[in-house]
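All remarks here apply to the structure that follows.
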Amino acid sequence: MPEENLDDILHKIINLSSFTDVFVKLNEIDKEKTSEIKNLLKQCVRDTHKGIVDSQKDYDKLKYLLLKEKVEITAHASSYLSYSETMAIRENNLWKFAVTITEHFFDLISDALDEYFKNKIEIMDAELHEDAKWYTGIRDSTKKLGVALNYSKSILKKGMRNSGLNEFLNNHRLLFPFCQYPHS
883 MPEENLDDIL
893 HKIINLSSFT
903 DVFVKLNEID
913 KEKTSEIKNL
923 LKQCVRDTHK
933 GIVDSQKDYD
943 KLKYLLLKEK
953 VEITAHASSY
963 LSYSETMAIR
973 ENNLWKFAVT
983 ITEHFFDLIS
993 DALDEYFKNK
1003 IEIMDAELHE
1013 DAKWYTGIRD
1023 STKKLGVALN
1033 YSKSILKKGM
1043 RNSGLNEFLN
1053 NHRLLFPFCQ
1063 YPHS
């Protein structure tokens, strides 16, 4: 790369060439804001650029004007740096809020689902208890009927034995001809 002469360097400074890449990137994000920043930067260095153009042969004055421009650009950039830091803090806070609100949302959903299933279980439990009462009633009734049938059967057997009908039934078919008796 050939070494640049003073005129080339001053030309780049006056045209703000070192900011070109930054302005291209900023322009992709927000053209209006980039134009505003570019215009403010040009206003900031307008007087020093006029002095640089007028003082190209006076090296002491040129050195002074270049240092002055450096200070002015640094001061100008610091306001954007502060703005950038503020935006970074706001973005960070926004992300924290997004995470917090998302967690809160899922906590609410989780609590609502817990409540729903708790109520559903209580309803199912109540229905199960009602069904159990009904089945218990049927079971108790069936047991009582079984006891009564067993008692009736034992009385019938005893009566048949005492009357001799037991012997008669063992030797004859009386009621159901399709039934098989042991003596057939």
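Here the numbering used here is used: the first residue of the sequence shown is 883, the next is one more, and so on.
C-beta: ideal position from N, C-alpha, C; glycine also.
Nothing here was measured: the structure is a model prediction, and the numbers come from that model.
Residue span of the alpha helix (DSSP H) that contains Leu963, given as start and end: By one-based count along the sequence shown, residue 963 stands at place 81. It spans Tyr941 to Ser1045 - the alpha helix (DSSP H) in which Leu963 sits, taken as one unbroken run.
Burial state of Ile934, where buried means 16 or more other Cβ atoms lie within 10 Å: Numbered from its first residue, the sequence shown carries residue 934 at position 52. Ile934 should be labelled buried.
Outcome for Thr1024 when other beta-carbon atoms lying within 10 angstroms are tallied against a minimum of 16: Here residue 1024 is taken as the residue at index 142 of the sequence shown, counted from 1. Its Cβ having fewer than 16 others within 10 Å, Thr1024 is exposed.
Coarse secondary structure for Tyr1063, derived from DSSP in three states: Taking the first residue of the sequence shown as position 1, residue 1063 is located at position 181. Its pLDDT being 47, under 50, Tyr1063 is placed unreliably in this model, and the coordinates cannot settle the point.
Cα-Cα separation, Asp929 to Asp890: Taking the sequence shown and counting its residues from 1, the one referred to as residue 929 is at position 47. Taking the sequence shown and counting its residues from 1, the one referred to as residue 890 is at position 8. Cα to Cα, the separation comes out at about 20 Å.
Anticipated Cβ contact below 8 Å, Glu951 with Val927, distance rounded: Mapped onto the sequence shown, residue 951 falls at position 69. Mapped onto the sequence shown, residue 927 falls at position 45. Right, the Cβ-Cβ distance comes to about 5 Å (below 8 Å), so this counts as a contact.
Per-residue DSSP class, three states only, for Asp912: On the sequence shown, position 30 is the one that residue 912 refers to. Correct three-state label for Asp912: coil.
Cβ separation of Leu908 and Thr902, assumed to be a contact under 8 Å, to the nearest whole Å: Residue 908 sits at position 26 when you count from the first residue of the sequence shown. Residue 902 sits at position 20 when you count from the first residue of the sequence shown. About 11 Å; that fails the 8 Å criterion.
Residue environment, Leu947, which counts as buried when at least 16 other CB atoms sit within 10 Å: As a position in the sequence shown, residue 947 is number 65, starting the count at 1. Leu947 is buried by the Cβ-count criterion.
DSSP state of Gln925 mapped onto helix, strand, coil: Indexing the sequence shown from 1 puts residue 925 at position 43. Looking at Gln925 - three-state DSSP - the assignment turns out to be helix.
Leu898 - DSSP class collapsed to helix/strand/coil: Start at 1 with the first residue of the sequence shown, and residue 898 comes out as number 16. DSSP places Leu898 in coil when its eight states are reduced to three.
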